[in-house]
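Reading through the structure tokens given below for one structure.
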Amino acid sequence: MMIVMRKRILLGNEAIAFGALASGVGIAAGYPGTPSSEIIETIMKYGDNVYAEWSTNEKVALETAYGAAIMGGKALATMKHVGMNVAADALMSSSYTGVDGSLVVVSADDPSMWSSQSEQDNRYYGLFALIPVIEPYDPQSAHELIVKAFDLSFSVKHPVIFRTTTRISHVRAPVELLDSSPPVKGKFHKDPGRFSLVPEVARKDRKLQLQRWEKIKMEVEKLNEIEGDGNKLIIASGIAYAFVKEAVENLGVRAKILKLSTPVPIPKEKTLKAMEDVEEILIVEELDPIVEMQVKELIVDNDVNLKVRGKSLIGREGELTLDRVTSAIGEFFNVKIEKLREVTVDVLPRPPALCPGCPHRSSFIDLKKALALAGVKDVYFSGDIGCYSIGVLPPFNEQDSLIEMGGSLGVANGVYRSTGVIPVAIIGDSTFFHAGLPGLANAVFNKTPMLILVLDNRVTAMTGQQRSPSKDISIAKVANGLGIEYVSEFDPFDYTSIKEIKNAMDWVRKNGKPAVVIAKRACALEVLDSVNGDLPIAEVDENKCTGCTICYDHFTCPAIVPLPNKKAKIDLDQCIGCGACVPICPFKAITIKGEQPKGWESWLS
């Protein structure tokens, strides 16, 4: 698709994607994960003749890009920060072998954990793996620096990590677009003496890796800038630079600023030059003291007598804000900052909730009732990552642990082995293919009695409706193929599903082996994209409704709201007529009115 406008308002992730296209990226692969997902989506939409895929997990995505780069192609792998843990094995090897083309790995970090289980700082991977890290400070710099990342990778034949954060990825700003370049996909060739990492080859590659690292240290010098002058130096990396620039201007202080685009490795010569004629250094960076550690090492190695302040003023927890940076710079310059009067506003709490029509809601209700019917009193719900993570909240309370992708099965195994209590592992379809298969195989191999509930809504819903492997690959057949003897599928909107789950748990308890039950119904948002015509609507018969509160307090569909007399009312703006609430009412007060529009059958197709 041709890009007509040269200047556009773009998300940071979109700016990165267009920058990759300007670099001539030929192959792009990623796994959906906030805040990274829009990069692959944009390349899929605008990348003429570029191969782009959603891989089953980050490891496969990086391996795909790595293989393309081995062939001399320009390749991109994208993932959120915790996805780098999944891909780390391939990442480490790529640093040893290097590449023949370009390999850029985008790590979208999430300070303050807006949508993640940790706020790990993936710049550590650069130090650990000897891979340069490039970090932008706004969408325009992201667009330009991703091009430089590809150039650096191609020139030194080494992978490059491109680290962004939530505020860079999801801010919108004007971006002056660079022209797209023809995609570079590489040519077939072999070099097992470099890429087959048996010990003999790995030892040779290690020496070459260290040689490339020395070259990288020289190459990064030109990617960083010294601005301003003064007897105090501020070193800022990534989005911290944007905050520093604004804070310095607002406070009216005179400062020398070293703008770092490469927090790993820092530019040694430029950093030493920036230290000339200054009395003190402040290092501003988001999360961990990656730059601070390197600067202090540089100071010691070069006998520089300067005091360095960093995390002692900024802190290492949570994302930076202008107020935090301004406060730190004010203290650094001994400038008194007048605090603004705080205005307190009482905002009604809005806990996260499953969407109207979400099949996971019914699955949680069905599971709880089935276990009660089976006489199960003590149960551990080993949860996983996805929309269904909301099951940790009342009234469901069916996620006793949420650790990482695919962790439900392994944790469940440990719970049983240490307590003898038969657990329930709850995992979504995309997560099942991402990281659930080894845990399932382990349960079969070690004969672990557990009930595995797979919530198959056909998409990777939480990150934006990306395609899931379950659309093309039968989860039931995969489970059978791995040796699961008891596999059952059901529609969570059908109340007979309670019996299906109960029978499965009875089988587990009797046979001492794992069983898999699969709740199959499409994500409501996907169905709404498919239908054509007016939606049906739920209706409450006031004469039959007793105000028992089950539908809105226990089923908790946002489209069902209580009236002052405790009776239920349907919010017509939210109801999509899915019918999940109909069997919930013990008094048959809820019915569905209206015809099913074209495409409605996609719920179960």
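Residue numbers are given in full-length UniProt numbering: position 14 of the sequence shown equals residue 14, and the series is strictly consecutive. All residues carry an ideal CB built from backbone N, CA and C; glycine is no exception.
Rounded straight-line distance, which links the Cα of Gln574 to that of Pro159:
Along the sequence shown, one-based indexing puts residue 159 at 159. Along the sequence shown, one-based indexing puts residue 574 at 574. Going by the C-alpha atoms only, they are around 47 Å apart.
Between the alpha carbons of Asn503 and Arg509, how many angstroms are there, rounded?
In the sequence shown, the residue the question calls residue 503 occupies position 503. In the sequence shown, the residue the question calls residue 509 occupies position 509. Their Cα atoms are separated by approximately 10 Å.
Buried or exposed for Glu41, please, with buried defined as at least 16 other CB atoms from any protein chain shown within 10 angstroms of its CB.
Position 41 of the sequence shown, counted from the first residue, corresponds to residue 41. With 16 or more Cβ atoms within 10 Å of its Cβ, Glu41 is classed as buried.
Assuming Asp150 is part of the alpha helix (DSSP H), what are its boundary residues?
Counted from its first residue, the sequence shown places residue 150 at position 150. Per the sequence shown, residue 150 should be read as Phe rather than Asp. Unbroken alpha helix (DSSP H) run through Phe150: Pro139 to Val156.
Ile257 to Gly228, Cα distance in whole Å?
Here residue 257 refers to the residue found at position 257 of the sequence shown. Here residue 228 refers to the residue found at position 228 of the sequence shown. Straight-line Cα distance between these residues: approximately 6 Å.
Please name the residue or residues paired with residue 644 in a DSSP beta bridge.
Any question about residue 644 goes unanswered here, given that the chain covers just 1 to 605.
Just curious, the beta strand (DSSP E) that Lys569 is in, first and last residue?
By one-based count along the sequence shown, residue 569 stands at place 569. From DSSP, the beta strand (DSSP E) with Lys569 extends over Ala568 to Ile570.
For Asp110, the three-state DSSP class (helix, strand or coil)
Mapped onto the sequence shown, residue 110 falls at position 110. Correct three-state label for Asp110: coil.
Using the Cα positions of Lys185 and Ile473, report the straight-line distance between them to the nearest angstrom.
Numbered from 1 along the sequence shown, position 185 holds the residue referred to as residue 185. Numbered from 1 along the sequence shown, position 473 holds the residue referred to as residue 473. The alpha-carbon atoms of Lys185 and Ile473 are separated by roughly 28 Å.
What does the Cβ neighbour count give for Thr326, buried or exposed, with the cut at 16 atoms within 10 Å?
One-based indexing of the sequence shown puts residue 326 at position 326. Buried is the call here.
Given Phe396 as reference, the closest of Ser169, Asp366, Met92 and Gly375 once Cα atoms are compared:
Numbered from 1 along the sequence shown, position 396 holds the residue referred to as residue 396. It is Asp366 whose Cα lies nearest to the Cα of Phe396.
According to DSSP, is Met84 helix, strand or coil?
By 1-based counting over the sequence shown, the position of residue 84 is 84. In the structure shown, Met84 sits in a helix (DSSP, three-state: H, G or I).
Alpha helix (DSSP H) segment containing Glu292, residue limits:
Against the sequence shown, residue 292 aligns to sequence position 292. Ile290 to Asp301 is the span of the alpha helix (DSSP H), which, as asked, contains Glu292.
Length of the line joining the Cα atoms of Gly386 and Ser115
To locate residue 386, count along the sequence shown from 1; it is residue 386. To locate residue 115, count along the sequence shown from 1; it is residue 115. Spanning the two alpha carbons is a distance of roughly 10 Å.
Can you check whether the CB of Ile235 is closer than 8 Å to the CB of Arg167?
Sequence index remark: in the sequence shown, residue 167 carries index 167 (1-based). Sequence index remark: in the sequence shown, residue 235 carries index 235 (1-based). No, Cβ-Cβ distance for Arg167 and Ile235 is not below 8 Å.
Can you tell me whether DSSP reads Gln209 as helix, strand or coil?
Indexing the sequence shown from 1 puts residue 209 at position 209. The answer is helix: DSSP assigns Gln209 an H, G or I state.
State whether the region 457–469 contacts the region 403–420, with contact taken as three or more CB pairs (one from each stretch) at a distance under 8 Å.
no
Would you say the beta carbon of Ala425 is closer than 7 Å to some non-hydrogen atom of the ligand SAM?
This structure lacks the ligand SAM; in fact it carries no ligand of any kind.
Among residues of its own chain, excluding the 5 on either side of Ile576, which ones have a beta-carbon nearer than 7 Å to its beta-carbon?
Sequence index remark: in the sequence shown, residue 576 carries index 576 (1-based). Only Pro356, Gly357, Ala524, Leu528 and Leu535 meet the Cβ criterion.
When you compare each of Asp303, Arg309 and Asp48 to Met293 by their alpha carbons, which one comes out closest?
Residue 293 sits at position 293 when you count from the first residue of the sequence shown. Minimum Cα distance to Met293 is reached at Arg309.
Which listed residue (Lys593, Leu177, Val487 and Leu11) has its alpha carbon closest to that of Lys477:
Walking along the sequence shown from the start, residue 477 turns up at place 477. Comparing C-alpha distances from Lys477 to each of Lys593, Leu177, Val487 and Leu11 shows the shortest one belongs to Val487.
What span of residues does the alpha helix (DSSP H) with Asp456 cover, start to end?
In the sequence shown, counting from the first residue as 1, residue 456 sits at position 456. Asp456 -> not in any alpha helix (DSSP H); beta strand (DSSP E) instead, spanning Leu451 to Asp456.
Per-residue DSSP class, three states only, for Tyr51:
Mapped onto the sequence shown, residue 51 falls at position 51. Three-state result, Tyr51: strand.
Please report the straight-line C-alpha distance between Pro35 and Lys588, rounded to a whole angstrom.
The residue given as residue 35 occupies position 35 in the sequence shown. The residue given as residue 588 occupies position 588 in the sequence shown. Cα to Cα, the separation comes out at about 43 Å.
Can you give the Cα-Cα distance for Phe188 and Asp100, rounded to whole angstroms?
By one-based count along the sequence shown, residue 188 stands at place 188. By one-based count along the sequence shown, residue 100 stands at place 100. C-alpha separation (whole angstroms): 11 Å.
Nearest to Met79 (by Cα), restricted to the options Ser95, Asp323 and Ala61
Position 79 of the sequence shown, counted from the start, is the residue given in the question as residue 79. Taking only the C-alpha atoms, the option nearest Met79 is Ala61.
Would you mind working out which of Val582, Lys544, Gly579 and Leu572 sits nearest Lys566, comparing C-alpha positions?
Here residue 566 refers to the residue found at position 566 when the sequence shown is read from its first residue. Measuring from the Cα of Lys566, the nearest candidate turns out to be Lys544.
Alpha carbon to alpha carbon, how far is Ile9 from Val175? Give it in angstroms, no decimals.
Sequence index remark: in the sequence shown, residue 175 carries index 175 (1-based). Sequence index remark: in the sequence shown, residue 9 carries index 9 (1-based). Going by the C-alpha atoms only, they are around 6 Å apart.
Pull the bridge partners of Gln466 from the DSSP assignment, please.
Residue mapping note: residue 466 aligns to position 466 of the sequence shown, counting from 1. DSSP links Gln466 through a beta bridge to Thr460.
Does the beta-carbon distance from Ser153 to Ser102 come in below 8 Å?
Position 153 of the sequence shown, counted from the first residue, corresponds to residue 153. Position 102 of the sequence shown, counted from the first residue, corresponds to residue 102. Yes, the pair counts as a contact, with Cβ atoms nearer than the cut-off.
Of the listed residues Met275, His434 and Val253, nearest to Pro469 (C-alpha basis):
Mapped onto the sequence shown, residue 469 falls at position 469. Checking every option, the nearest Cα to that of Pro469 belongs to His434.
Limits of the unbroken alpha helix (DSSP H) element including Val248
Against the sequence shown, residue 248 aligns to sequence position 248. First-last of the alpha helix (DSSP H) with Val248: Ile239 to Leu251.
Once DSSP output is grouped into helix, strand and coil, what is the label at Pro359?
Here the question's residue 359 lines up with position 359 in the sequence shown. Residue state, collapsed to three classes: helix.
Determine the DSSP secondary structure at Phe332, reduced to helix, strand or coil.
Mapped onto the sequence shown, residue 332 falls at position 332. Residue state, collapsed to three classes: helix.
Using a Cβ-Cβ cut-off of 7 Å (strictly less than) and excluding sequence neighbours within five positions of Val376, which residues of its own chain qualify?
Position 376 of the sequence shown, counted from the first residue, corresponds to residue 376. Correct list, in chain order: Met505.
Taking one C-beta from the region 578–598 and one from the region 490–499 each time, how about it: are there three or more such pairs within less than 8 Å?
Output reads yes: the region 490–499 touches the region 578–598.
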